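Undergrad: If you scroll down you'll find the structure; I have some questions about it.
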Amino acid sequence: MMNVIDIINKKRLGRSLSYDELSFFFNGYLNNEIKDYQMSSLLMAICIRGMSDEEIFALTKIFIESGDVLGFSDISGIKVDKHSTGGIGDKTTLVIGPIVASLGVPVVKMSGRGLGYTGGTIDKLESIPNFRVNLTTEEIIEQVKSIGLVITGQTADLAPMDKVIYALRDVTGTVSSIPLIASSIMSKKIAGGADKILIDIKVGKGALLKTKKDAYKLSQLVIKIGKFYNREVRTIISDMDIPLGHAVGNSLEVIEAMNILCGKETKSNLVELCIQLASEMVSMGKEISIEEATKLVKKSIKNRSAYNKFLEMIKMQGGNISDIKVNKNVKKIRSTKSGVIVDINALEVGKLAINLGTGRMRKEDDIDYGAGIYLEKLVGQKIRKGAVLMKIYSDINIDEKNIENIFTIK
Ligand code: URA
């Protein structure tokens with residue numbers, strides 16, 4: 000007979016748990032036989048003691064087996080999925096999905112909602128009036144066959160164990176465990192039916208992982224899990240000290256993504272990252288070099304095929320893009336001195352955005368889709384005293400103290 004306390008104690012002492020012990024514990028939790036406080040205790044022990052590779056493979060398997068495993072074998076082509084560990088202003092999926100699909104690599108992207116300071120792709124897409132994010136598996140397959148691109152919410156039965164464990168980790172200080180992050184991400188990607196997987200690991204002030212060392216550890220781990228499951232996994236470690244691009248907030252971010260896709264916005268850390276990620280995905284999907292893929296990616300923006308693919312997807316999922324709205328109340332924040340912008344603190348921007356109502360601090364919170372922040376100036380740019388640093392789209396009156404820490408100008 001297995002015993003809950005024995006298993007917690009075993010991990011507390013730094014010993015490895017078997018597949019059977021992990022399965023007993025995690026499935027027991029999913030079935031409500033093991034309590035929140037007992038699971039919290041085990042998660043904290045895992046956080047502190049870590050896990051062996053065998054334990055991580057076992058946990059990933061348990062997560063995968065908790066729900067459906069999708070197969071898209073009747074869709075031709077190599078299906079490449081992408082995952083980001085989450086950042087401020089990260090709207091890369093909205094840009095790279097259409098680019099990659101426009102180049103003939105099928106994209107089925109199941110995205111999530113934001114939690115904490117980081118936004119979620121599904122919340123961003125919901126700022127488009129009538130856009131459907133709850134497609135059924137049949138609808139997903141039909142749409143990929145028809146236009147090669149779907150971005151939708153995770154179907155309820157995909158790695159349901161991850162959903163409940165993630166929610167518990169979020170409120171018990173156990174989010175940043177690298178083994179737990181690796182099994183959470185990889186179980187969803189493998190259950191989601193991807194042939195190849197690209198993971199954008201964010202590191203910095205506005206990210207889950209704060210050091211490059213931890214980012215490398217996670218990178219090695221997801222590649223190992225991929226090998227175990229016979230999936231090619233590539234990773235990119237990208238900076239999240241400063242926000243990505245100009246916009247933070249749902250409809251503002253959709254508009255920024257469109258500006259990149261139609262070639263209006265060509266220079267920012269966001270544009271660079273989107274080209275890098277899309278090129279990796281195209282290289283994996285078409286089995287060509289990164290150099291060749293990058294040329295194709297740039298061409299798809301130039302000739303508007305990526306933009307047209309985006310519009311095709313919006314239309315097919317019922318969205319009315321011309322009705323997208325930003326908040327009419329716009330407050331301009333001006334610089335109090337002249338100089339060069341040397342830093343924009345991603346975490347402070349994220350906190351301000353949440354205060355404006357762009358995301359949720361609790362799962363049940365409502366979102367103001369039209370609220371947000373537009374950074375007029377980015378890191379490295381010069382600014383004159385009195386010029387506009389950023390615009391705040393909100394009905395809420397913001398205490399200027401919340402803004403002072405965002406920009407560093409020297
Ligand atoms: N993203 C996930 O999907 N899971 C984690 O645990 C962390 C980031």
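Residues in the sequence shown are numbered consecutively from 0, following numbering that gives the first Met the number 0.
Yeah, the Cβ is synthetic: ideal placement off N, Cα and C, and Gly gets one too.
Quantities reported herein were computed from a predicted structural model and do not represent experimental measurements.
What does DSSP give as the partner residues of D238 in its beta bridges?
TA: As a first step, residue 238 is located in the sequence shown; it is residue number 239 there, counting from the start. According to DSSP, which records beta bridges pairwise, D238 is partnered with V202.
Undergrad: Whole angstroms is fine: what's the gap from S288's alpha carbon to S278's?
TA: Numbered from its first residue, the sequence shown carries residue 288 at position 289. Numbered from its first residue, the sequence shown carries residue 278 at position 279. Near 9 Å, if we compare the C-alpha coordinates of S278 and S288.
Undergrad: Identify which residue in N302, N249, V221, V281 has its Cα closest to the Cα of L260.
TA: Taking the sequence shown and counting its residues from 1, the one referred to as residue 260 is at position 261. Answer by Cα proximity: N302.
Undergrad: Please determine whether the Cβ atom of R168 lies at a distance below 8 Å from any heavy atom of the ligand URA.
TA: Here residue 168 corresponds to residue number 169 of the sequence shown, with the count starting at 1. Answer for R168: yes, Cβ within range of the ligand URA.
Undergrad: Considering only C-alpha positions, which residue in the set D19, E264, M50, G358 is nearest to A181?
TA: Position 182 of the sequence shown, counted from the start, is the residue given in the question as residue 181. Among D19, E264, M50, G358, the Cα nearest to that of A181 belongs to M50.
Undergrad: Take E252 and list the residues in its own chain whose beta-carbon comes closer than 6 Å to its own, dropping the five residues that flank it on each side.
TA: In the sequence shown, counting from the first residue as 1, residue 252 sits at position 253. If we look at E252 and ignore the five residues flanking it on each side, its Cβ neighbours are K90, K123, A246.
Undergrad: Any heavy atom of the ligand URA closer than 8 Å to the CB of K412?
TA: Given that the chain is displayed from residue 0 to residue 409, the structure contains no residue 412 and the question cannot be resolved.
Undergrad: Count the other CB atoms, across all protein chains shown, that sit within 10 Å of the CB of D161; report buried if there are 16 or more and exposed otherwise.
TA: Taking the first residue of the sequence shown as position 1, residue 161 is located at position 162. Buried is the call here.
Undergrad: For I340, does the three-state DSSP call read helix, strand or coil?
TA: By 1-based counting over the sequence shown, the position of residue 340 is 341. Three-state DSSP puts I340 in a strand.
Undergrad: Let's see if you can read the secondary structure: which residues bound the beta strand (DSSP E) around F406?
TA: In the sequence shown, counting from the first residue as 1, residue 406 sits at position 407. 406–408 is the extent of the beta strand (DSSP E) around F406.
Undergrad: How long is the line joining the alpha carbons of F406 and I391, rounded to whole angstroms?
TA: By 1-based counting over the sequence shown, the position of residue 406 is 407. By 1-based counting over the sequence shown, the position of residue 391 is 392. Taking the straight line from one Cα to the other gives about 14 Å.
Undergrad: Enumerated in chain order, which unbroken segments of the beta strand (DSSP E) with a length of 3 residues or greater are wholly contained in the region 74–162?
TA: Correct list: 79–83, 106–110, 148–152.
Undergrad: Have a look at the DSSP bridge pairing and note the partners of K390.
TA: Reading the sequence shown from its first residue, position 391 is the one you call residue 390. In DSSP, K390 forms a bridge with K331, Y373.
Undergrad: Does the structure place the region 128–139 close enough to the region 313–326 that three or more beta carbon pairs sit under 8 Å?
TA: The region 313–326 is in contact with the region 128–139.
Undergrad: Answer yes or no: do K350 and V104 have a C-beta to C-beta separation smaller than 9 Å?
TA: Indexing the sequence shown from 1 puts residue 350 at position 351. Indexing the sequence shown from 1 puts residue 104 at position 105. No, these two residues do not count as a Cβ contact at 9 Å.
Undergrad: Check whether the region 165–176 and the region 326–338 touch, using three or more Cβ-Cβ pairs below 8 Å as the test.
TA: Touching, no, given that fewer than three Cβ pairs across the two stretches are closer than 8 Å.
Undergrad: What does the alpha-carbon distance come out to for the pair I47 and L179?
TA: The sequence position of residue 47 within the sequence shown is 48, counting from 1. The sequence position of residue 179 within the sequence shown is 180, counting from 1. For I47 and L179, the distance between alpha carbons rounds to 11 Å.
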